[in-house]
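Quick notes on the structure that follows.
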Amino acid sequence: MEDTDIIELFLNRSEEEATMEDTDIIELFLNRSEEAIRQTDIKYSKLCFGIAWNILLNKEDSEECVNDTWLITWNEIPPKIPKILSAFVGKITRNQAIDCLRRKNAFKRVDTHMADINGELERLEETVQYSLEHNIKRQEILDILDEFLKGLKEEDRDIFVRRYWYMDDIKEISRRHSVSESKVKSSLFRSRKKLWKKAGDLL
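As numbered in the numbering used here, residues 191 to 393 make up the sequence shown, in order.
The structure is reproduced here in structure tokens:
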């Protein structure tokens, strides 16, 4: 079976019932009802599997990351109360998948589609960490990112988000926007420079 067939089988599975509103799901977590995990899985398993797959390109590892996401979400809500549940679980999945990739490639040269993006992400993480070390509040960092994204052109914003949030590879992004791969790389380069400048202006 082709990898694309595996994805289709997973993403096209029938949902057991209509999805709940995020506020209702979060309320279930706060009440420590295990129904919260089931409802989160129904609503966001496709999103989280897609994020993990883009990083790992492995069905079993991706499914494991999704399952780990539900456990971590259960342990973090409460005390945390996410404003956007999809972003909350998506971030957890992304971090789990990156950790999984790093573990699998700890003793060998990374020759996957993630080789380049790992360096880019490390630079982004270093910028955030540097800001935190200089006593910039987390909310200020989020405000910078929000202002930065709003200031990008629509195409550049989508390219940035697809690359650094969904972990899409360059070729996939170029097909999505019907542009060359070099244009995607140029867009990402320009966007990163704008973000470094915004971070630098605050320090």
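Glycine included, C-beta positions come from ideal geometry on N, C-alpha and C.
Among the candidates the options, whose CA atom is the shortest distance from the CA of residue i?
| i | options | result |
| --- | --- | --- |
| tryptophan 243 | Arg222, Phe338, Thr230, Met357 | Met357 |
| aspartate 240 | Ala287, Ser381, Val369, Gln229 | The question names aspartate, but residue 240 in the sequence shown is glycine. Per the Cα distances, Ala287. |
| glutamate 250 | Cys290, Ile267, Ile232 | Cys290 |
| cysteine 238 | Thr213, Asn248, Gly280, Glu211 | Gly280 |
| lysine 384 | Trp355, Glu211, Leu342 | Leu342 |
| glutamate 344 | His367, Arg222, Lys236 | His367 |
| asparagine 265 | Lys273, Lys233, Ser235, Ser223 | Ser223 |
| tryptophan 386 | Val256, Phe338, Asn257, Asp258 | Phe338 |
| lysine 233 | Asn221, Lys340, Thr209 | Thr209 |
| proline 269 | Asn221, Glu211, Lys340, Asp346 | Asn221 |
| asparagine 248 | Tyr354, Lys294, Lys388, Trp355 | Lys294 |
| lysine 388 | Lys340, Tyr354, Trp355 | Lys340 |
Mind reading off the beta-carbon distance from residue i to residue j? Whole number of angstroms is fine, and I expect it under 8 angstroms.
| i | j | result |
| --- | --- | --- |
| leucine 275 | isoleucine 216 | 6 angstroms |
| isoleucine 360 | lysine 375 | 6 angstroms |
In or out: residue i buried (at least 16 other Cβ within 10 Å) or exposed?
| i | result |
| --- | --- |
| alanine 305 | Confidence at alanine 305 is low in this model, with a pLDDT of 48, below 50, so its placement is unreliable and the value that follows should be read with caution. Classification of alanine 305: exposed, given that the 10 Å Cβ count is below 16. |
| threonine 213 | exposed |
| leucine 378 | buried |
| isoleucine 271 | exposed |
| aspartate 336 | exposed |
| arginine 284 | buried |
| arginine 352 | buried |
| threonine 194 | Note that threonine 194 scores a pLDDT of 41, beneath 50, so its modelled location is shaky; the value from the coordinates is reported in the next line. It is exposed - the Cβ of threonine 194 has fewer than 16 other Cβ atoms within 10 Å. |
| aspartate 258 | buried |
| aspartate 395 | With the chain covering 191 to 393 only, the question about residue 395 has no answer from this structure. |
| alanine 277 | exposed |
| leucine 322 | Low confidence applies here, because leucine 322 scores a pLDDT of 47, under 50, leaving its location unreliable; read the following figure in that light. It counts as exposed. |
To which residues of the same chain is residue i closer than 7 angstroms at the C-beta, ignoring the five residues directly before and after it?
| i | result |
| --- | --- |
| serine 370 | Ser364 |
| valine 256 | Ser235, Cys238, Phe239, Ala242, Thr283 |
| isoleucine 227 | Trp260, Trp264 |
| aspartate 231 | Trp260 |
Whose C-beta lies closer than 6 angstroms to the C-beta of residue i among residues of the same chain, with five residues either side of it excluded?
| i | result |
| --- | --- |
| arginine 292 | none |
| serine 252 | Phe239, Ala242, Trp243, Leu246 |
| valine 300 | The pLDDT assigned to valine 300 is 44, lower than 50, so where the model puts this residue is not dependable, and the model offers no usable value. |
| arginine 380 | none |
| isoleucine 267 | Phe219 |
| aspartate 346 | Ser377, Ser381 |
| glutamate 225 | Leu218 |
| glutamine 229 | Met210, Ile215 |
Can you find the residues in the same chain that come closer than 8 angstroms, C-beta to C-beta, to residue i, ignoring five residues on each side of it along the sequence?
| i | result |
| --- | --- |
| glutamate 254 | Cys290 |
| isoleucine 349 | Ile363, His367, Val374, Ser377, Leu378, Ser381 |
| histidine 303 | With a pLDDT of 49 at histidine 303, under the threshold of 50, the modelled position of that residue is not reliable, and no figure is offered here. |
Margin query: Give the list of continuous alpha helix (DSSP H) stretches no shorter than 4 residues that lie fully inside the segment 198 to 260.
Written below: 212 to 220, 225 to 246
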